[in-house]
Amino acid sequence: MYYTIGEAAKRMNLSTSALRYYDKEGLLPFVERTSGGIRMFQDEDFDWLEIIECLKKTGMPIKEIKEFVDWSMEGDSTIDQRLELIKEQQEVVRLQIEAIQENLKILNYKRWYYETAKQAGTCDVHKTMKPEDIPEEFREIALHNKKKNIVTMERPEKGNEREYL
Numbered sequence: 036m037y038y039t040i041g042e043a044a045k046r047m048n049l050s051t052s053a054l055r056y057y058d059k060e061g062l063l064p065f066v067e068r069t070s071g072g073i074r075m076f077q078d079e080d081f082d083w084l085e086i087i088e089c090l091k092k093t094g095m096p097i098k099e100i101k102e103f104v105d106w107s108m109e110g111d112s113t114i115d116q117r118l119e120l121i122k123e124q125q126e127v128v129r130l131q132i133e134a135i136q137e138n139l140k141i142l143n144y145k146r147w148y149y150e151t152a153k154q155a156g157t158c159d160v161h162k163t164m165k166p167e168d169i170p171e172e173f174r175e176i177a178l179h180n181k182k183k184n185i186v187t188m189e190r191p192e193k194g195n196e197r198e199y200l
């Protein structure tokens, strides 16, 4: 069964311009064309599109994705290169996840911070908190922020200039 570029785009939740761009950049050498030059996608092409999209979503540059596609088209003689590229990208993704997890910890802390402030009716409640009053999961962040005088994200009021983050 064949699919037009519009059908392929819809199936992959991409724009037709994205697929045209991929083709222009050499990422779709497997896609057949009619005698009139119209791209005709087949079911097995969607496996390719999925890996291309996966690599793109992980931040891999188009140039490296093209290299992967080219190696794949060359066959088994490039398995080592493809494996190495995938391993490197796995590490990139692992580092991205680690960074996102750190950001989530900070957001969790700030949520606790503002929920506590809301309950007390003031952000000043944190100024007098002892470390043991801070949930263990947030102590490191809170103490780090206190040392740097980073307490809140509100605009400074007169006298509170050092609390601004």
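Numbering (the working numbering), first residue to last: 36 to 200.
Ideal placement from N, C-alpha and C gives every residue a C-beta, glycine not left out.
Small disclaimer: the values here were computed from a predicted structure and weren't measured.
Span of the alpha helix (DSSP H) around residue i
i              : result
methionine 108 : 97-109
methionine 164 : Looking at the DSSP string, methionine 164 is not in any alpha helix (DSSP H), and its letter there is neither H nor E.
methionine 47  : 40-47
leucine 139    : 114-155
leucine 54     : 51-59
Enclosing beta strand (DSSP E) for residue i [first to last residue]
i                : result
phenylalanine 81 : Per DSSP, phenylalanine 81 belongs to no beta strand (DSSP E); it is in the alpha helix (DSSP H), 80-92.
methionine 75    : 74-77
Supposed contact pair residue j and residue i - C-beta distance, whole angstroms, cut 8 Å
i                : j             : result
phenylalanine 81 : arginine 46   : 7 Å
glutamine 124    : threonine 93  : 6 Å
isoleucine 73    : isoleucine 87 : Not confirmed; about 20 Å, so no contact.
isoleucine 176   : tyrosine 144  : 4 Å
proline 201      : methionine 95 : The structure shown does not extend to residue 201, since the chain spans only 36 to 200, so no value can be given for it.
Distance CB(residue i)-CB(residue j) smaller than 8 Å
i             : j                : result
leucine 62    : valine 104       : yes
valine 66     : aspartate 78     : no
isoleucine 97 : glutamate 126    : no
proline 170   : leucine 178      : no
alanine 53    : phenylalanine 76 : no
Beta bridge counterpart(s) of residue i as assigned by DSSP
i            : result
arginine 174 : Answer is none; arginine 174 lacks a bridge partner.
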